[in-house]
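Trainee: In this note's numbering, the protein residues as written are 19 to 455. I have a structure I would like to understand better, so I am pasting it below and will then ask my questions one at a time.
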RNA sequence: CGGGGCGUGGCGCAGCCUGGUAGCGCACCUGCUUUGGGAGCAGGGUGUCGGAGGUUCAAAUCCUCUCGCCCCGACCA
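Right, here's the structure in full:
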């Protein structure tokens with residue numbers, strides 16, 4: 019993509035309404051534009067990252083045996099009356115009336131809809147277990163949205179739902195999602211720590227929040243240092259195997275949010291205690307028959323008797339993750355995208371468009387990167403060098419290839435790694451090899 | 001919803017207290033010069049001063065109402 023053809027309205031100054039670094043940088047990089055409080059338009063650069071994050075989430079859900087479907091944003095109030103949540107949910111739910119004065123709502127979550135789909139078709143225990151998910155926009159009319167996409171009213175969420183015959187089955191589903199979540203966040207370059215969450219009325223220990231550590235996080239968290247030092251992606255996962263040992267390995271060391279904090283247990287860790295700020299990016303929980311019972315979602319059991327299905331749900335805040343990733347990965351100059359979610363892998367900077375040597379070298383690098391399937395943003399604008407450097411650092415592409423008249427005469431380009439700032443003068447072949455590595 | 005703050009050109013802001021018909025920086029357009037970290041000079045365009053009423057000879061400025069946005073609190077992926 020040539021920057022002169024792209025749409026990336028960067029800002030030199032921080033917009034006054036943005037308070038936290040991720041919000042400021044997303045606005046300055048031209049990723050999003052606020053449409054109204056807590057509601058955002060996604061501009062091309064932001065949408066690219068959103069799609070990449072979404073893709074990683076999808077791939078890991080698929081790998082865990084979760085099946086994708088897509089439910090609507092607008093739901094009927096009737097289903098929510100069945101579960102009893104229409105009245106319970108309160109003002110956070112955006113309620114709408116259609117032209118026939120039917121009561122509708124913009125879904126804040128989808129337990130009712132998925133349970134309705136399930137009960138309509140699944141009749142026998144032989145059809146279990148089922149693990150279904152979708153990635154869809156949600157709306158929660160937060161009293162006070164803030165922090166950009168971190169706490170918007172409209173947000174993109176991945177929500178999965180498990181259906182099992184009994185508690186043991188539900189636990190297997192829970193463990194699959196637990197492990198899938200570890201891998202999902204690790205692939206985005208994040209250290210996500212599972213922490214015991216308040217299980218609410220259900221009780222038990224099957225509710226975890228996945229928290230990433232970032233100095234600007236919304237809540238205080240505590241954990242064993244060992245949890246922050248683990249290599250999650252080193253070994254492949256067999257989702258057909260029993261994952262309990264792996265889950266235990268993560269849930270045994272101490273890790274808690276403020277609400278669940280046990281000062282005595284934390285103190286026992288000594289210098290292994292990490293006290294940090296955290297951002298919740300995922301939440302998984304088992305809730306048994308909370309919805310299957312009022313909505314009468316049963317299957318025929320082995321003896322022919324109806325059995326209420328055991329359910330769980332598993333959420334990931336997809337749009338929120340963009341803010342969280344930036345909070346966890348930025349510097350003074352701007353965003354530092356992890357390779358896996360970067361909007362482009364490489365930024366190619368032509369310091370002097372119109373200069374024969376610079377243009378030829380850039381065209382060559384651009385063509386060869388594209389041929390290799392590498393996504394590259396080519397800054398071919400007739401801007402000053404400083405502007406190009408500042409923009410490129412701001413939007414945080416992992417690699418920069420800088421072509422200026424100084425090196426171009428000798429066929430040399432400069433390769434800069436955004437994360438470390440390391441720069442090297444290389445020939446084109448060596449530069450391409452460096453990036454491909 | 002309670003408490004506080006702010007709405008002035010695309011962005012960031014001054015002007016408001018003490019009414020006199022709108023300004024600064026950046027951005028944008030034209031020309032020349034510059035050209036490896038947000039250039040210089042010259043010229044140019046840009047505003048229903050959030051909206052509606054009111055007071056006044058005169059309102060960005062004073063008064064009333066209203067809408068939007070931001071911050072603190074309760075809520076939340």
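C-beta: ideal position from N, C-alpha, C; glycine also.
(1) CB residue 433 to CB residue 419, shorter than 8 Å?
(2) Hey, residue 59 and residue 51 are a contact pair by Cβ (cut 8 Å); roughly how many whole angstroms apart?
(3) Is it true that the CB of residue 168 sits closer than 8 Å to the CB of residue 156?
(4) Starting from the Cα of residue 365, find the closest Cα among 271, 411, 317 and give me that residue.
(5) Quick check on residue 355: does DSSP put it in helix, strand or coil?
(6) Take every Cβ of the segment 249 to 256, pair it with every Cβ of the segment 198 to 207, and state whether three or more of those distances are shorter than 8 Å.
(7) Taking just the CA atoms, how far does residue 216 sit from residue 312?
(8) Select from 380, 400, 263 the residue whose C-alpha is nearest the C-alpha of residue 449.
(9) With the cut-off set at 8 Å, would you say residue 75 and residue 334 are in Cβ contact?
(10) Is there contact here, the segment 181 to 188 with the segment 324 to 341, by at least three beta-carbon pairs under 8 Å?
(11) Let me check one thing: in DSSP terms, what residues is residue 280 bridge-paired to?
(12) For the segment 399 to 406 against the segment 348 to 362, are there 3 or more C-beta pairs whose distance is under 8 Å?
(13) Go through the segment 367 to 423 residue by residue and report every complete run of the beta strand (DSSP E) that reaches 3 residues or more, in order.
(14) Got a sec, what are the start and stop residues for the alpha helix (DSSP H) residue 194 sits in?
(15) In or out: residue 66 buried (at least 16 other Cβ within 10 Å) or exposed?
(16) Pair every Cβ in the segment 75 to 93 with every Cβ in the segment 124 to 134, then say whether three or more of these pairs are closer than 8 Å.
(17) Indicate whether residue 466 and residue 234 have their beta-carbon atoms separated by less than 8 Å.
(18) Can the beta-carbon of residue 230 be found less than 8 Å from the beta-carbon of residue 135?
(19) Just to confirm the assignment, what range does the beta strand (DSSP E) spanning residue 240 have?
(20) Alpha carbon to alpha carbon, how far is residue 145 from residue 83? Give it in angstroms, no decimals.
(21) Ends of the alpha helix (DSSP H) at residue 42?
(22) Three or more beta-carbon pairs under 8 Å between the segment 423 to 443 and the segment 362 to 376, yes or no?
(23) How big is the Cα-Cα spacing for residue 389 and residue 382?
(24) I'd like to check one pair, residue 318 with residue 133: are the Cβ atoms closer than 8 Å?
(25) In angstroms with no decimal places, state the Cα-to-Cα distance between residue 341 and residue 166.
(26) Let me know the secondary structure DSSP gives residue 253 once reduced to three states.
(27) So if DSSP puts residue 292 in a beta bridge, which residue, or which two residues, is it bridged to?
(28) Less than 8 Å between the CB atoms is what I'm expecting for residue 413 and residue 63, so what's the real figure, rounded?
(29) If you drop the 5 nearest sequence neighbours on each side, which residues of the same chain put their C-beta closer than 6 Å to that of residue 278?
(30) Taking the alpha-carbon positions, what's the residue 436 to residue 393 distance?
(31) Exposed or buried, which one is residue 87 when buried takes at least 16 other CB atoms within 10 Å?
(32) Identify every residue that forms a DSSP beta bridge with residue 433.
(33) So, helix, strand or coil for residue 275, using DSSP?
(34) Label residue 101 either buried or exposed according to how many other C-beta atoms from any shown protein chain fall within 10 Å of its C-beta, with 16 as the threshold for buried.
(35) Alpha carbon to alpha carbon, how far is residue 149 from residue 321? Give it in angstroms, no decimals.
(36) Could you tell me which residues DSSP pairs with residue 155 in its beta bridges?
Mentor: On the basis of the coordinates in this document:
(1) yes
(2) 5 Å
(3) no
(4) 411
(5) Correct three-state label for residue 355: coil.
(6) yes
(7) 23 Å
(8) Nearest C-alpha to residue 449: 380.
(9) Taking the C-beta atoms as reference points, residue 334 is found nearer than 8 Å to residue 75.
(10) yes
(11) DSSP lists no partner for residue 280.
(12) no
(13) Here the runs fully enclosed are 394 to 397, 417 to 421.
(14) Residues 185 to 205.
(15) Residue 66 should be labelled buried.
(16) yes
(17) Residue 466 lies beyond the residue range present for the chain, which begins at 19 and ends at 455; the question has no answer from this structure.
(18) Using a Cβ distance threshold of 8 Å, residue 230 and residue 135 do not count as a contacting pair.
(19) 237 to 242
(20) 14 Å
(21) 39 to 46
(22) For the pair of segments examined, the segment 423 to 443 was found to touch the segment 362 to 376: the number of CB pairs separated by less than 8 Å reaches three.
(23) 11 Å
(24) no
(25) For residue 341 and residue 166, the distance between alpha carbons rounds to 8 Å.
(26) coil
(27) 241
(28) Between residue 413 and residue 63 the beta-carbon gap is near 7 Å, inside 8 Å, which marks them as a contact.
(29) 214
(30) 16 Å
(31) exposed
(32) 419, 442
(33) strand
(34) buried
(35) 24 Å
(36) 174
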